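Chains as they are written, first to last, in our numbering: chain A, 25 to 361; chain B, 25 to 361. Think of the CB as a built atom: it goes at the ideal place given N, C-alpha and C, for glycine as much as any other residue. All values derive from a computational prediction rather than experimental measurement. Encoded as structure tokens, the structure appears first; notes follow it.
2 protein chains.
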Amino acid sequence: MLMVFLSRPYSITPKRPLFIGILANTMLSTVPGLSGAGPNPMGSLLVPVLDAELIWQGIITSTDATPNTPTGCPTPASITRAVLDRIGVSPLFINAGLVHRPTVPVLDLLGQAGGDPRDGPAVPDAERLYKEGVRIGKLLSAHDLLVVGECVPGGTTTALCVLRSLGYDAKVSSASVTSPDSMKEEIYAAVTRRIGRSIPDPMDIIRETGDPMMAVAAGLADGFPGTLILAGGTQMLAVAAIIKALGNPLPEVVTTVYVRDDHAASCDKTAQDIGVPITYVDPGFGEIGHSGLVRYCIGEVKEGMGCGGAMMLAALLGYSPEEITRSIISFVSGYSP
Amino acid sequence: MLMVFLSRPYSITPKRPLFIGILANTMLSTVPGLSGAGPNPMGSLLVPVLDAELIWQGIITSTDATPNTPTGCPTPASITRAVLDRIGVSPLFINAGLVHRPTVPVLDLLGQAGGDPRDGPAVPDAERLYKEGVRIGKLLSAHDLLVVGECVPGGTTTALCVLRSLGYDAKVSSASVTSPDSMKEEIYAAVTRRIGRSIPDPMDIIRETGDPMMAVAAGLADGFPGTLILAGGTQMLAVAAIIKALGNPLPEVVTTVYVRDDHAASCDKTAQDIGVPITYVDPGFGEIGHSGLVRYCIGEVKEGMGCGGAMMLAALLGYSPEEITRSIISFVSGYSP
Chain A
25 MLMVFLSRPY SITPKRPLFI GILANTMLST VPGLSGAGPN PMGSLLVPVL
75 DAELIWQGII TSTDATPNTP TGCPTPASIT RAVLDRIGVS PLFINAGLVH
125 RPTVPVLDLL GQAGGDPRDG PAVPDAERLY KEGVRIGKLL SAHDLLVVGE
175 CVPGGTTTAL CVLRSLGYDA KVSSASVTSP DSMKEEIYAA VTRRIGRSIP
225 DPMDIIRETG DPMMAVAAGL ADGFPGTLIL AGGTQMLAVA AIIKALGNPL
275 PEVVTTVYVR DDHAASCDKT AQDIGVPITY VDPGFGEIGH SGLVRYCIGE
325 VKEGMGCGGA MMLAALLGYS PEEITRSIIS FVSGYSP
Chain B
25 MLMVFLSRPY SITPKRPLFI GILANTMLST VPGLSGAGPN PMGSLLVPVL
75 DAELIWQGII TSTDATPNTP TGCPTPASIT RAVLDRIGVS PLFINAGLVH
125 RPTVPVLDLL GQAGGDPRDG PAVPDAERLY KEGVRIGKLL SAHDLLVVGE
175 CVPGGTTTAL CVLRSLGYDA KVSSASVTSP DSMKEEIYAA VTRRIGRSIP
225 DPMDIIRETG DPMMAVAAGL ADGFPGTLIL AGGTQMLAVA AIIKALGNPL
275 PEVVTTVYVR DDHAASCDKT AQDIGVPITY VDPGFGEIGH SGLVRYCIGE
325 VKEGMGCGGA MMLAALLGYS PEEITRSIIS FVSGYSP
């Protein structure tokens with residue numbers, strides 16, 4: 025196979041890596057039609073809890089949900105679960121602000137779920153969450169590498185608002201084949217009517233129109249002394265943009281080729297505009313003969329719950345592309361055709 | 025000063041240590057007269073939350089409580105706070121089962137508060153908590169040393185029940201100058217009337233008459249590959265006894281000389297009976313001229329929230345006894361005469 029698994033050459037071998045999954049809600053995910061996560065708008069709020077449950081346990085037990093989209097496409101949490109289990113890495117979940125209580129072990133930062141930024145400040149305790157993130161980042165300094173994923177349904181819209189407020193002419197990706205771009209633009213327009221187009225302080229931008237994950241991820245990057253890789257698409261580019269605006273050293277970003285190839289989004293251009301190094305993982309889902317996973321190639325799901333970062337971590341630890349994709353096929357075949 | 029700070033010679037210098045505080049409740053702390061923690065029996069349930077708040081923030085903000093006993097003796101959490109702050113180590117708190125929600129970042133294992141073992145099984149999900157402890161222990165394997173403290177008001181009585189059920193002729197310590205020994209014996213007698221004197225499986229013993237902290241601490245010891253030191257008095261000896269009964273390698277124990285010198289308890293003898301190495305820390309509170317701390321020497325408080333372990337960790341990291349006690353005096357002088 026001539027497939028290039030990682031888009032950039034990498035020579036580091038992490039000795040003591042940790043995979044983090046930051047869980048949060050934004051009430052934007054309950055706006056009908058905006059988020060592709062969950063069975064329906066209110067159900068989207070439960071997705072971070074179910075994703076964490078799947079990754080920690082290998083199975084969802086608190087509801088009868090299957091980790092597939094309605095079209096039979098395995099969720100990104102399935103990929104993260106399969107890969108982390110294969111490489112023997114237990115994730116550390118962080119609750120940055122959720123509506124529902126998690127069902128598996130989670131480091132609780134006592135944040136509130138993010139509000140609808142059209143109605144008022146979305147993350148009133150952004151500063152506190154950032155500072156807790158800094159402390160947790162220091163606390164984790166025994167690790168040489170942090171791979172930081174996220175699960176925030178509706179989070180590409182907060183990412184759009186944050187990137188635009190920071191001055192980037194960005195377009196964000198989505199978990200849907202057809203991104204509800206005009207809805208996202210309408211929400212950003214409504215936000216600007218409330219807060220204006222330009223806010224100088226990046227912490228104020230998170231507070232007004234971000235989500236709790238962003239504050240925690242930016243804090244982790246500030247406090248952690250080793251290598252930190254933000255694992256996600258345009259949502260993590262928003263975090264990278266915040267980190268830059270704060271004047272802190274830029275981390276790296278990793279996502280999948282499916283986000284890069286989303287022509288409705290500006291992933292690679294925005295990464296360049298920010299100046300953040302970005303790596304694309306290509307697990308070759310088009311050629312592995314799985315009717316669900318192949319849907320990633322037509323633009324469904326694309327990324328989430330740090331699945332690109334989990335695959336990259338496996339590669340850095342010496343697992344071959346074949347081993348990695350085999351572990352994914354094996355896991356998702358347990359519940360999907 | 026000729027004081028011997030650590031009772032055993034130590035040559036290890038931890039490179040990547042972590043201090044853990046396991047928080048839990050047992051409903052036994054609400055039995056009037058049994059626990060010396062908190063302002064009153066029901067108030068004892070809040071103590072782990074306030075202790076964690078003090079250690080994380082340096083100040084209690086959610087109530088107007090001062091971290092002193094009614095006689096003006098600084099709580100052990102004050103000592104832990106002072107020392108960890110001095111040596112720059114952030115603690116990781118674990119919620120093993122609490123009545124009240126913590127107010128600072130805590131890794132939530134979704135446990136229930138321990139029940140009264142006279143009425144029924146005290147920790148119905150002991151097995152699950154143990155297994156989560158094992159996973160967290162593995163997750164923390166980047167560290168070379170874990171110092172594991174606890175805060176479980178009423179926990180010396182569950183320790184008595186567990187040690188006796190495991191066949192040890194033990195007497196436990198307490199946070200009071202005069203331990204309510206006869207009450208503890210009456211509770212153990214009532215427990216034996218319910219479950220009998222001999223239960224072969226140590227996990228069943230935790231379930232019937234232990235507390236949630238014990239299950240998690242024993243699991244951590246099983247999962248963590250490095251050096252693990254249980255920081256506490258007779259409560260941690262109960263954990264060590266469980267670990268031995270499970271057939272797992274024994275950790276070490278550290279506590280203060282004030283527990284060793286408690287003639288109502290059998291600390292050193294029970295450690296020998298178990299065969300667990302135990303280190304006693306002597307911070308010399310009798311000679312430092314603080315009217316509150318000197319009360320440790322007459323048997324008040326004695327130990328708690330891993331304060332002996334925090335002081336030992338500081339010594340292992342190269343801090344002198346003078347630096348360590350000076351940091352404690354400085355901190356407690358901020359709120360107490």
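Local Cβ density within 10 Å of residue i, reported as buried at 16 or more and exposed below that
i, result
"Leu191(B)", "Correcting the residue identity first, residue 191(B) is Gly in this sequence and not Leu. So Gly191(B) counts as exposed."
"Ile160(A)", "buried"
"Arg284(B)", "buried"
"Met66(A)", "exposed"
"Ile118(A)", "buried"
"Asp143(B)", "exposed"
"Ser206(B)", "exposed"
"Tyr34(B)", "exposed"
"Pro224(B)", "exposed"
"His287(B)", "exposed"
"Ala120(A)", "buried"
"Thr87(A)", "exposed"
"Gly60(A)", "buried"
"Glu13(A)", "With chain A covering 25 to 361 only, the question about residue 13(A) has no answer from this structure."
"Pro273(A)", "exposed"
Any chain B beta carbon closer than 8 Å to residue i
i, result
"Arg159(A)", "yes"
"Arg40(A)", "yes"
"Thr85(A)", "no"
"Glu209(A)", "no"
"Thr180(A)", "no"
"Pro129(A)", "yes"
"Glu156(A)", "yes"
Three-state secondary structure (DSSP) of residue i
i, result
"Thr294(B)", "helix"
"Ser107(A)", "Checking the sequence, you will find Val at residue 107(A) rather than Ser. It is helical."
"Thr127(B)", "coil"
"Ala89(B)", "coil"
"Phe43(B)", "strand"
"Val278(A)", "strand"
"Thr181(B)", "helix"
"Val158(B)", "helix"
"Leu254(A)", "strand"
"Ile83(B)", "coil"
"Pro236(A)", "helix"
"Pro115(B)", "coil"
"Pro224(B)", "coil"
"Asp132(A)", "strand"
"Val176(B)", "coil"
"Pro56(A)", "coil"
"Pro98(B)", "strand"
"Ala9(B)", "One cannot answer for residue 9(B) here, as it falls past the ends of chain B, which runs 25 to 361."
Cβ-Cβ distance between residue i and residue j below 8 Å
i, j, result
"Asn49(B)", "Gly112(B)", "no"
"Ala239(B)", "Ala150(B)", "yes"
"Leu69(B)", "Thr54(B)", "yes"
"Thr279(A)", "Ala194(A)", "no"
"Gly256(A)", "Gly178(A)", "no"
"Phe29(B)", "Ala339(B)", "yes"
"Ala264(B)", "Val277(B)", "yes"
"Gly96(A)", "Val158(A)", "no"
"Ala101(B)", "Pro91(B)", "yes"
"Thr233(B)", "Cys185(B)", "yes"
"Pro72(A)", "Leu122(A)", "yes"
"Lys162(B)", "Gly243(B)", "no"
"Gly173(A)", "Phe355(A)", "no"
"Leu116(A)", "Leu133(A)", "no"
Test: residue i CB closer than 8 Å to a CB of chain A
i, result
"Asp132(B)", "yes"
"His167(B)", "yes"
"Lys362(B)", "Given that chain B is displayed from residue 25 to residue 361, the structure contains no residue 362(B) and the question cannot be resolved."
"Met25(B)", "Residue placement at Met25(B) cannot be trusted, given a pLDDT of 42 that sits under 50; what the coordinates show is reported in the next sentence. Chain A contact via Cβ: absent."
"Glu311(B)", "no"
"Pro249(B)", "no"
"Thr104(B)", "no"
"Thr93(B)", "no"
Amino acids of chain C, ordered along the chain, whose beta-carbon sits closer than 7 Å to that of residue i
i, result
"Ser114(A)", "The structure shown contains no chain C; the protein chains it does contain are A and B."
- [ ] Identify every run of the beta strand (DSSP E) within the stretch 284–351 of chain B, keeping only runs that are complete inside it and at least 3 residues long; order them along the chain.
- [x] 302–305
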